[in-house]
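Chemist: Can you read through this structure? Questions will come right after.
In my numbering, the protein residues as written are 7 to 796.
Structure representation (structure tokens):
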């Protein structure tokens with residue numbers, strides 16, 4: 007391994023993680039047992055549980071989630087786990103962020119809430135701020151490298167992440183919390199649990215939250231409303247029904263990402279402008295040519311989004327050995343985002359699609375280029391269902407089932423007028439009456455596309471116990487398929503002035519083999535070999551028309567290219583060891599992942615176009631360790647340590663004759679070293695923890711010619727539980743401080759997908775394309791939360 011230089015924090019974590027190997031030689035073997043129903047003391051931090059799966063898996067529990075700032079998103083919840091590399095655009099989590107696990111990006115990980123997939127159905131991207139209230143989560147888990155056999159994914163080549171909401175409480179309860187902090191931060195949360203009713207067969211809850219915070223640099227804020235609902239119904243021992251519903255509505259001003267050159271020239275606090283752009287005075291018969299100001303106006307750099315998700319589950323236990331279940335879901339999402347301020351040129355000519363854009367500024371001519379508010383709108387309707395049967399026969403536990411969904415992904419790009427006071431006619435781009443029109447009366451669209459993605463998976467898994475339950479073999483097989491029916495409709499977008507369609511099907515049979523062997527009451531070893539797949543995103547089908555001319559408003563003579571991106575696959579091998587006794591819980595694994603045709607979206611400095619590439623084969627290897635130790639009734643510690651070597655195996659081909667020197671280079675945004683550490687205290691009144699996360703040096707481009715320095719961030723939580731006072735039950739107060747030592751750092755802006763710059767901008771390419779952009783890390787942030795039940 008080259009540059010094998012762990013930090014002092016990594017060495018400390020390594021010592022914590024390595025100690026169980028010595029402890030196991032001396033500790034009595036009849037103490038403790040690896041079983042979920044009897045947790046060991048080492049799990050008291052809530053950052054490690056005693057896993058039973060024959061594959062690498064890490065989880066956080068309610069004990070950890072309750073110590074977070076209440077507005078934290080799921081990325082922040084798992085940031086200390088081994089192999090997990092996360093970044094949040096701000097301290098609260100309301101602006102979102104990025105995630106990588108073993109170098110695999112979030113769009114290579116399958117994300118679920120209560121078993122329902124929530125990755126974008128078109129591009130597989132993930133928006134963590136949209137999914138949950140932390141107060142309602144009981145578990146977040148990560149399977150590093152291997153996707154679960156029954157997981158409802160066709161875009162998960164790097165593993166999966168699951169969020170599980172808490173069931174309704176058995177007794178009536180009203181829970182209220184209020185958080186206040188720096189930057190006008192506020193989050194109000196209330197949850198009402200009905201307790202059991204209908205002869206103790208049913209229970210339900212509903213919660214509402216409202217959160218807001220100002221940006222830590224520049225004008226603007228994040229504003230979010232969220233509703234969760236859940237209900238369980240169990241009329242008898244054979245039937246169990248449950249349902250959940252979430253609604254999320256958010257409107258955020260974007261935080262500006264900067265290049266190193268911009269940071270050097272203007273500082274890391276450079277952001278979007280508070281000054282609205284002003285139109286030129288319209289004059290009939292004279293062309294007014296407007297230009298977007300260099301400093302983008304913050305109110306036109308926004309991310310409005312709303313979504314809801316309904317999930318259900320019906321489970322029937324036919325006998326003690328046979329159960330059947332159906333798990334339907336429906337996702338709806340609508341939103342836009344990014345830099346919405348642009349210019350449009352009016353026209354009334356036969357060589358423009360549909361004659362061109364009508365008069366925008368009201369001067370009666372079609373000669374002007376005018377600033378408008380235009381955004382890329384996505385509307386998604388996504389129903390699906392998973393059917394499962396579970397049969398226990400002799401020493402076999404057989405899981406078999408079928409997953410199916412049909413997602414309709416509608417992507418448009420309308421535009422509306424703006425005034426001179428920073429107002430857009432329709433900020434959400436929902437009201438067609440306000441949309442700009444073409445000369446033939448149709449709506450102007452910068453893009454107009456519909457993708458129907460039909461996904462399915464037929465799966466079976468047999469878990470076999472042998473040698474008096476010491477050996478467990480897990481044999482899995484699934485056939486996953488996605489068919490994409492893409493339709494582009496004639497619009498004003500570049501290269502998309504004609505109707506065309508693409509239909510592509512991607513499928514693969516994916517086997518898995520896992521084994522777990524119990525050495526004694528405290529120790530087990532495991533191994534897992536699994537294949538995964540990821541289909542290309544639907545953006546691969548855009549802008550496929552080349553050439554041609556517009557005659558009488560219609561594009562003719564154009565040629566349709568074939569999509570160039572192929573399906574990505576991976577083969578993952580894990581070898582691991584687990585240990586648990588009354589005080590210590592440990593898990594460690596070494597792994598090897600072979601990616602074939604790995605997909606990355608890169609900005610080509612020469613062509614000036616962002617394009618999906620198959621960057622060829624990527625081989626990733628490393629190790630992951632995590633350990634929890636309980637010193638006594640009050641004090642405990644957790645540590646994680648990971649090493650990742652992820653190398654591209656060939657030069658990147660960008661055209662028939664052009665290559666980029668990527669062979670042997672580390673995948674971008676993939677630090678070799680990651681480590682996390684928590685020291686925790688808990689008593690009947692006082693509680694708290696100090697967390698430290700080290701993120702090693704990483705590269706920003708596919709050819710590794712620009713990098714991000716290593717950093718260590720420290721967070722603090724201190725809380726106090728009061729005695730019951732009148733109507734106040736279990737009242738508490740909690741202080742959360744993020745980035746305690748005000749560390750200066752940056753993280754690459756890779757969007758919410760695998761997006762990188764091919765190579766850094768140099769004097770030789772000055773003026774062509776752009777350099778990698780970075781988010782400046784959020785400074786120290788403090789918030790106080792008051793909680794109580796009633």
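Note that CB positions come from ideal geometry on N, CA and C, so glycine has one too.
#1: What's the gap between the Cα of residue 470 and the Cα of residue 479?
#2: Between residue 464 and residue 556, what straight-line distance do the alpha-carbon atoms span, to the nearest angstrom?
#3: Just to check my reading of the structure: residue 379 and residue 421 have Cβ atoms closer than 8 Å, yes? What is that Cβ distance to the nearest angstrom?
#4: Out of curiosity, what's the CA-to-CA distance linking residue 666 and residue 658?
#5: Per DSSP, residue 322 forms a beta bridge with which residues?
#6: Using DSSP with H/G/I as helix, E/B as strand and the rest coil, what is residue 603?
#7: What's the gap between the Cα of residue 713 and the Cα of residue 436?
#8: Is the beta carbon of residue 159 sitting closer than 9 Å to the one on residue 125?
#9: Taking residue 70 as part of the alpha helix (DSSP H), name the residues at either end of that continuous run.
#10: In the DSSP assignment, find the beta strand (DSSP E) that holds residue 94 and state where it starts and stops.
#11: Short check: CB of residue 727 to CB of residue 744, under 9 Å?
#12: Counting pairs of beta carbons, one from the region 520 to 531 and one from the region 472 to 486, are three or more of them closer than 8 Å?
#13: Starting from the C-beta of residue 472, find all residues in its chain whose C-beta is less than 8 Å away, skip the five residues before and the five after it, and write them out in chain order.
#14: Grab me the residues of residue 531's own chain with a C-beta within less than 6 Å of its C-beta, minus the 5 sequence neighbours each way, in chain order.
#15: Under a three-way DSSP split, which group does residue 518 fall into?
#16: Taking the alpha-carbon positions, what's the residue 228 to residue 95 distance?
#17: Consider the C-beta atom of residue 187 and the heavy atoms of the ligand NAD; say whether any pair is separated by less than 8 Å.
#18: For the beta strand (DSSP E) holding residue 395, just list the boundary residues, first then last.
#19: Using the C-alpha atoms, what's the distance from residue 253 back to residue 340?
#20: Ignoring anything shorter than 3 residues or poking outside the region 452 to 524, list the beta strand (DSSP E) runs there in chain order.
#21: In the region 215 to 260, which residue ranges form an unbroken alpha helix (DSSP H) of at least 4 residues, counting only runs that do not cross its ends?
#22: What did DSSP end up calling residue 166 once you bin it into helix, strand or coil?
#23: Output the boundary residues of the alpha helix (DSSP H) element that contains residue 80.
#24: Excluding five sequence neighbours on each side, which residues of the same chain lie with their C-beta closer than 6 Å to the C-beta of residue 741?
#25: Roughly how many whole angstroms lie between the Cα atoms of residue 701 and residue 201?
#26: What does the Cβ neighbour count give for residue 78, buried or exposed, with the cut at 16 atoms within 10 Å?
#27: Nearest to residue 662 by CA position, among 570, 322 and 106, is which residue?
#28: Let me confirm a value: residue 656 is counted as buried when at least 16 other C-beta atoms fall within 10 Å, else exposed. Which label applies?
#29: Determine the burial state of residue 630: buried for a count of at least 16 other Cβ atoms within 10 Å of its Cβ, exposed for fewer.
#30: Using a Cβ-Cβ cutoff of less than 7 Å, which residues in the same chain neighbour residue 558 once the five nearest sequence positions on both sides are dropped?
#31: According to DSSP, residue 365 sits in a beta bridge with which residue or residues?
#32: Could you please give me the residues that DSSP links to residue 573 through a beta bridge?
#33: Which residues share a DSSP beta bridge with residue 740?
#34: Quickly, what does DSSP pair residue 341 with across the bridge? List them, please.
#35: So is residue 241 buried or exposed if we call it buried at 16+ other beta carbons inside 10 Å?
Modeler: With the given structure in hand:
#1: 5 Å
#2: 47 Å
#3: 7 Å
#4: 5 Å
#5: 245 and 330
#6: coil
#7: 41 Å
#8: yes
#9: 68 to 71
#10: 90 to 94
#11: no
#12: yes
#13: 401, 478 and 479
#14: 523 and 583
#15: strand
#16: 11 Å
#17: This structure does not include the ligand NAD; it has no bound ligands of any sort.
#18: 383 to 399
#19: 12 Å
#20: 454 to 472, 477 to 494 and 506 to 524
#21: none
#22: strand
#23: 80 to 83
#24: 724 and 790
#25: 44 Å
#26: buried
#27: 570
#28: exposed
#29: buried
#30: 356
#31: Answer is none; residue 365 lacks a bridge partner.
#32: According to DSSP, which records beta bridges pairwise, residue 573 is partnered with nothing at all.
#33: 725 and 791
#34: 311 and 384
#35: exposed
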